[in-house]
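Numbering (our numbering), first residue to last: -6 to 355.
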Ligand SMILES: *Cc1c(COP(=O)(O)O)cnc(C)c1O
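Structure representation (structure tokens):
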């Protein structure tokens, strides 16, 4: 057999959240809800959908604008930065891959937290990096642990804030104290995919400006979460032009498709939709907290659109299967942890009812 690169031999293909149709078929259920992938429960902005339909009427025969010019201009205007401070990508996922392809050599070390976004592991492993995992403290990133793990081979540090899957957040003070200490020749990827859901006053404000003080920091943002565009694949990096240029050189020429670019531009303008999604999330979070308290289920303080719960009396795989039988798809982690995305009011009620029944029957 032809041998692939040794770095990829042990990598397993991505396992996506289970699709609704599979669960419907497997359990003969009509009504199944998916609270497994942190998708937007309110769909997509009506204004975005109109703009997309308008464009499609004219046909899809032309290649996209390979430089995402209009989107970059829109972002530059919104954040009061220059267009070369932005690099739109085919979802945040592509940005993560481009960063390691541009910067991480085999044997370089990357530092990441336990229980964080799995794509950090995947993309770094493909490049042959040595990964150093830092245990969490109370299901939060341990920044001192990360700092102490830095050595002369460290090339990159992944930070997800607020964090997926634990929902926990580091404060602005904690992040700035950390960045002040990190040597400038180490790249820090600051992933704030969930920033729009934060309700704590301690959040890092304007993380898109971090690169001005810390040129080694790249901020990652996505349209998949609050904007409800996960199906179109669009996200972007904000940072020093000199750094972004290295990812720009190696990306596919048409990495962001035309519809994704149009959708992103219109999504940025629909403040009403963004507020509706935020309000729904806060309301759902309060409802879930209240019911989890009544059930004595521990959970972390979530600053995201998902809640990370611990079920000491039932292992997460069993809970996952029992939930599916009741038409609810969640995401198990480790032995006793489960991540549930905050849904619509009806979805949250269905989740709590299912959880109650399962816990009452063990
Ligand atoms: C969802 C998510 C992203 C971005 O996802 P895309 O859909 O690829 O834009 C990035 N980081 C984290 C932690 C996420 O949860």
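In this text, a Cβ means the ideal position worked out from N, Cα and C, and glycines have one as well. Please read all numbers here as calculations on a predicted model, not as lab measurements.
In the three-state DSSP reduction, residue 187 falls in the coil class, being neither helix nor strand. Proximity of the stretch 112 to 120 to the stretch 257 to 267 falls short of the contact definition, fewer than three beta-carbon pairs being nearer than 8 Å.
For residue 202 against residue 88, the beta-carbon gap comes to about 18 Å, at or over 8 Å, which does not count as contact. Excluding the 5 residues flanking it on each side, residue 66 has same chain C-beta neighbours closer than 7 Å at 76, in chain order.
Looking at the backbone, the Cα of residue 52 and that of residue 254 are separated by about 15 Å. With a beta-carbon spacing of about 16 Å, residue 347 and residue 310 fall beyond the 8 Å limit used to define contacts. The residues 284, in chain order, have a CB closer than 6 Å to that of residue 345 in the same chain once the five nearest residues on each side in sequence are set aside. Excluding its 5 nearest sequence neighbours in each direction, residue 268 has no C-beta neighbour in its own chain below 8 Å.
Contact annotation, residue 61 with residue 81: C-beta distance approximately 4 Å; criterion of less than 8 Å satisfied.
Residue 8 places its beta carbon 8 Å or farther from that of residue 17.
Residue 133 is a Cβ neighbour of residue 161, given a cutoff of 8 Å. For the pair residue 293 and residue 352, the CB atoms are not nearer than the 8 Å cut-off. When the Cα atoms are used, residue 68 and residue 189 turn out to be separated by approximately 16 Å.
Assigned with DSSP and collapsed to three states, residue 333 falls in strand. Note: residue 125 is bridge-paired with 104 in the DSSP secondary-structure output.
Between residue 303 and residue 271, the gap from beta carbon to beta carbon reaches 8 Å or more. When secondary structure is reduced to three states using DSSP, residue 85 falls in the helix class.
Within the stretch 179 to 245, the runs of alpha helix (DSSP H) at least 4 residues long that lie entirely inside it are, in chain order, 203 to 206, 234 to 243.
Proximity to residue 129 across 260, 112, 342, 153 peaks at 153, based on C-alpha coordinates. At a threshold of 7 Å, residue 91 does not count as near ligand 1, since its beta carbon sits no closer than that to any of the ligand's heavy atoms. No Cβ-Cβ contact shorter than 8 Å links residue 31 with residue 289.
Take residue 275, set aside five residues on each side of it, and the residues of its chain with a beta-carbon closer than 7 Å to its own are 192, in chain order. Of the other Cβ atoms in all chains shown, 16 or more fall within 10 Å of the Cβ of residue 27; this residue is therefore buried. Residue 155 is classed as buried because its beta carbon has at least 16 other beta carbons within 10 Å across all chains shown. Using a Cβ distance threshold of 8 Å, residue 210 and residue 183 count as a contacting pair.
Cβ neighbours of residue 137 within its own chain (closer than 7 Å, five residues either side excluded): none. The Cβ neighbour count for residue -5, taken over all protein chains shown within 10 Å, is under 16; the residue is labelled exposed. Going by DSSP, residue 112 is part of no beta strand (DSSP E) but of the alpha helix (DSSP H) stretching over 111 to 119.
Contact between residue 63 and residue 258 holds, with the beta-carbon distance rounding to 6 Å and staying under 8 Å.
Under the DSSP assignment, residue 147 falls in the beta strand (DSSP E) whose first and last residues are 147 to 153. Pairing residue 54 with residue 102 gives a Cβ-Cβ distance that is not under 8 Å. Per DSSP, residue 32 lies in no beta strand (DSSP E) segment and is marked neither H nor E.
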